[in-house]
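Undergrad: Numbering (our numbering), first residue to last: 0 to 405.
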Ligand code: ADP
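Here it is, written out as structure tokens:
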């Protein structure tokens, strides 16, 4: 077999992130980002990691749409002999945010699959349209190449009905496809499996609580490799306190704001998704800046941090109850991987649940998956860097090649 490369595309409304990987060893050959698509100040940053000169290349100037963006990416890749026309390219893997109930596994995209992803736009209006644009563009460039959709919701389709359903009128819920879908699934899948590996066990044999703490944040309870509960719901708004999202809130806040404050549904949407969470509480959503302000004695930053941690603890406790037996609590994504004070505060006082931290190990900086609890702790606390692109590439390649080379 010669075709062992996978191009992973993560298309946002005005950006495309991409990575080209070789699935013989999972090596990254090139990574890059096109941002501010459709503006005068578009920018493409391309790093040809496998080239003789792996220095970053940058283009600035207008890139009109996703088609032009992907054409520019293809040109950059061609400069190092890695173009989209290469026979070594096996497939393109697309991150698709919402797969609804239909898509529980990675799926080769044909017209019918694309139409179904479009039918899900009403439940994912912010994300699916951009993913669809990316898919259409890539198919136009390489119509003969397998294109695979890897869904953020897929890992959570194993949730039992009692965890996935909201306690609202069943007919209304079903008519509008209202239920808990969960997101960040590719990360939860990858990190829970890597945690099992770190513990030297098979995924089927471990129960793990995964805390994906980035700008968006979600928790999941994974029993024997299968997700049994997760904190995000119909949309990524539910659950933990996030950079700009409120997470859990009494739904009556919404109609109170509409009736009493005269806000529209769209106003409340923007308030809860963009102007809440850490940014709403203290004006900053970067945990580094919040910690700096706390160290300088800033009370608002302190309160924002405490609210963030309190919610996190409630989910750890809840998922201990959901799982019954927990082997590991694992932190991942920007905050989870880097912010030792968040890990320390989240685990503090949970000794009765079997959780403890080795503060020396927790404070060490590392890019490696590692255990930060003392050997006597009943539940391991781990830090596992997430790698959604590698996971998308693996799932894509496994589907088109019918095997995994790694
Ligand atoms: P997303 O993919 O959701 O945009 P990331 O997983 O990249 O987010 O996480 C971004 C967040 O990680 C930043 O907003 C910041 O709060 C946090 N972060 C990144 N590096 C550090 C660090 N060294 N210390 C603390 N927090 C960090």
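Glycine included, each C-beta is placed from N, C-alpha and C at the ideal position.
(1) By a C-beta neighbour count over all protein chains shown, 10 Å radius and 16 as the cutoff for buried, is residue 180 buried or exposed?
(2) State the Cα-Cα distance for the pair residue 161 and residue 141, rounded to the nearest angstrom.
(3) Listed in chain order, which residues are found with a beta carbon closer than 5 Å to a heavy atom of ligand 1?
(4) What separation, rounded to the nearest whole angstrom, lies between the Cα atoms of residue 50 and residue 14?
(5) In chain order, which continuous runs of the alpha helix (DSSP H) of length 4 or greater are located wholly inside the stretch 93-179?
(6) Could you tell me which of 22, 138, 217 sits nearest to residue 334, measuring between CA atoms?
(7) Report yes if the C-beta distance between residue 6 and residue 16 is below 8 Å; otherwise report no.
(8) Going by DSSP in three states, residue 36 sits in which element: helix, strand or coil?
(9) Give the range of the beta strand (DSSP E) segment to which residue 4 is assigned.
(10) Cα separation between residue 340 and residue 351?
(11) Between the Cα of residue 22 and those of 95, 88, 156, 139, spot the shortest distance and give me the residue it belongs to.
(12) Could you work out which residue in 224, 286, 144 is closest to residue 192 when comparing CA atoms only?
(13) Smallest Cα separation from residue 233: which of 391, 64, 99, 400?
(14) Is it the case that the Cβ atoms of residue 326 and residue 227 are separated by a distance below 8 Å?
(15) Compute the Euclidean distance between the alpha carbons of residue 198 and residue 383, then round it to the nearest angstrom.
(16) Quick one: is residue 263 buried, meaning 16 or more other Cβ sit within 10 Å of its Cβ, or exposed?
(17) Pop quiz: residue 344 and residue 308 are said to be a contact at Cβ under 8 Å. What is the actual Cβ separation, rounded to whole angstroms?
(18) Quick check on residue 332: buried or exposed, where buried means 16 or more other Cβ atoms within 10 Å of its Cβ?
TA: The short version:
(1) By 1-based counting over the chain shown, the position of residue 180 is 181. Burial call: buried.
(2) Taking the chain shown and counting its residues from 1, the one referred to as residue 161 is at position 162. Taking the chain shown and counting its residues from 1, the one referred to as residue 141 is at position 142. The straight-line gap from Cα to Cα measures roughly 43 Å.
(3) 213, 214, 215, 285, 286, 287, 332, 333, 334, 337, 338
(4) As a working mapping, residue 50 is identified with position 51 in the chain shown. As a working mapping, residue 14 is identified with position 15 in the chain shown. About 24 Å.
(5) 110-118, 127-140, 160-163, 169-174
(6) Within the chain shown, numbered from 1, the residue matching residue 334 stands at position 335. Comparing alpha carbon positions, the residue from 22, 138, 217 closest to residue 334 is 217.
(7) Within the chain shown, residue 6 is the residue found at index 7, counting from 1. Within the chain shown, residue 16 is the residue found at index 17, counting from 1. Going by C-beta atoms, residue 6 is not nearer than 8 Å to residue 16.
(8) By one-based count along the chain shown, residue 36 stands at place 37. Residue state, collapsed to three classes: coil.
(9) Numbered from its first residue, the chain shown carries residue 4 at position 5. 4-10 is the span of the beta strand (DSSP E), which, as asked, contains residue 4.
(10) Indexing the chain shown from 1 puts residue 340 at position 341. Indexing the chain shown from 1 puts residue 351 at position 352. Near 20 Å, if we compare the C-alpha coordinates of residue 351 and residue 340.
(11) Taking the first residue of the chain shown as 1, we reach residue 22 at position 23. Among 95, 88, 156, 139, the Cα nearest to that of residue 22 belongs to 88.
(12) One-based indexing of the chain shown puts residue 192 at position 193. Residue 224 is the option with its Cα nearest to residue 192.
(13) For the purposes of this step, residue 233 is identified with residue 234 of the chain shown, where counting begins at 1. Of the candidates 391, 64, 99, 400, the one whose C-alpha sits nearest the C-alpha of residue 233 is 99.
(14) Here the question's residue 326 lines up with position 327 in the chain shown. Here the question's residue 227 lines up with position 228 in the chain shown. The answer is no: Cβ separation not under 8 Å.
(15) As a position in the chain shown, residue 198 is number 199, starting the count at 1. As a position in the chain shown, residue 383 is number 384, starting the count at 1. Between residue 198 and residue 383, the C-alpha separation is close to 12 Å.
(16) Within the chain shown, numbered from 1, the residue matching residue 263 stands at position 264. Exposed, by the Cβ-count rule.
(17) The residue given as residue 344 occupies position 345 in the chain shown. The residue given as residue 308 occupies position 309 in the chain shown. 5 Å between Cβ atoms; contact.
(18) Start at 1 with the first residue of the chain shown, and residue 332 comes out as number 333. Per the 10 Å Cβ criterion, buried.
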